[in-house]
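Novice:
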Amino acid sequence: MRRIVPNIHSNDLEASKLFYMDFLGMELVMDIGWVITFASKENPTAQINIFKNDKPIVDESFISIEVSNVDQLYEQAQENEFGIVYELREESWGVRRFFVKDPNGATINLLTHL
1 MRRIVPNIHS NDLEASKLFY MDFLGMELVM DIGWVITFAS KENPTAQINI
51 FKNDKPIVDE SFISIEVSNV DQLYEQAQEN EFGIVYELRE ESWGVRRFFV
101 KDPNGATINL LTHL
């Protein structure tokens, strides 16, 4: 694993920018409108994603794990009949990823950068 990134849903992305940049001193390293990513200036793999909340209530955990073998993990998830909830694909922002449910119902976004 290269990094594990927590994901938070937000009703106010601008307030999140103020909190993580001004208060915590993190860098805004990605902003594609519906998701923003902040990284530590001292340790760029220490990151947090903030997602625009499109539901009244967020009721499940969601984390991202960057790996070097996303295709292999996808095959293993299929073989083990783990609950794949987002099929493997390449995204326009430069990642290859899929989502799988862990045994506790948390959604795990497994990804690699292209």
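Residue numbering for the sequence shown follows the UniProt record's numbering, beginning at 1 and increasing consecutively.
Where a beta carbon is used, it is the ideal one built from N, C-alpha and C, also for glycine.
Leaving out the 5 sequence neighbours to the left and right, which residues in its chain are closer than 8 angstroms to LYS55 when beta-carbon positions are compared?
Specialist: Locating residue 55 in the sequence shown gives position 55, counting from the first residue. Excluding residues within five positions, the ones whose Cβ falls inside 8 angstroms are HIS9.
Novice: Roughly how many angstroms separate the alpha carbons of TYR86 and MET21, rounded to a whole number?
Specialist: Against the sequence shown, residue 86 aligns to sequence position 86. Against the sequence shown, residue 21 aligns to sequence position 21. Distance between the alpha carbons of TYR86 and MET21: 31 angstroms.
Novice: Excluding sequence positions up to five away, which residues of its chain have a Cβ less than 6 angstroms from the Cβ of THR62?
Specialist: As a working mapping, residue 62 is identified with position 62 in the sequence shown. Looking at the sequence shown, residue 62 is not Thr but Phe. Excluding sequence neighbours, PHE62 sits near ASN7, THR107.
Novice: In this structure, what does DSSP give as the bridge partners for ALA39?
Specialist: The sequence position of residue 39 within the sequence shown is 39, counting from 1. GLU27, GLN47.
Novice: Can you tell me the Cα-Cα spacing of TRP34 and LYS52, whole angstroms?
Specialist: As a first step, residue 34 is located in the sequence shown; it is residue number 34 there, counting from the start. As a first step, residue 52 is located in the sequence shown; it is residue number 52 there, counting from the start. Approximately 5 angstroms, taken between the alpha carbons.
Novice: If I measure Cβ to Cβ from ARG3 and keep anything under 6 angstroms in the same chain, skipping five residues before and after, which residues do I get?
Specialist: By one-based count along the sequence shown, residue 3 stands at place 3. Cβ within range, chain order: THR45, GLU66.
Novice: Just to confirm, is the Cβ distance from THR37 to MET26 under 7 angstroms?
Specialist: Numbered from its first residue, the sequence shown carries residue 37 at position 37. Numbered from its first residue, the sequence shown carries residue 26 at position 26. Their beta carbons are not under 7 angstroms apart, which means THR37 does not touch MET26 by this criterion.
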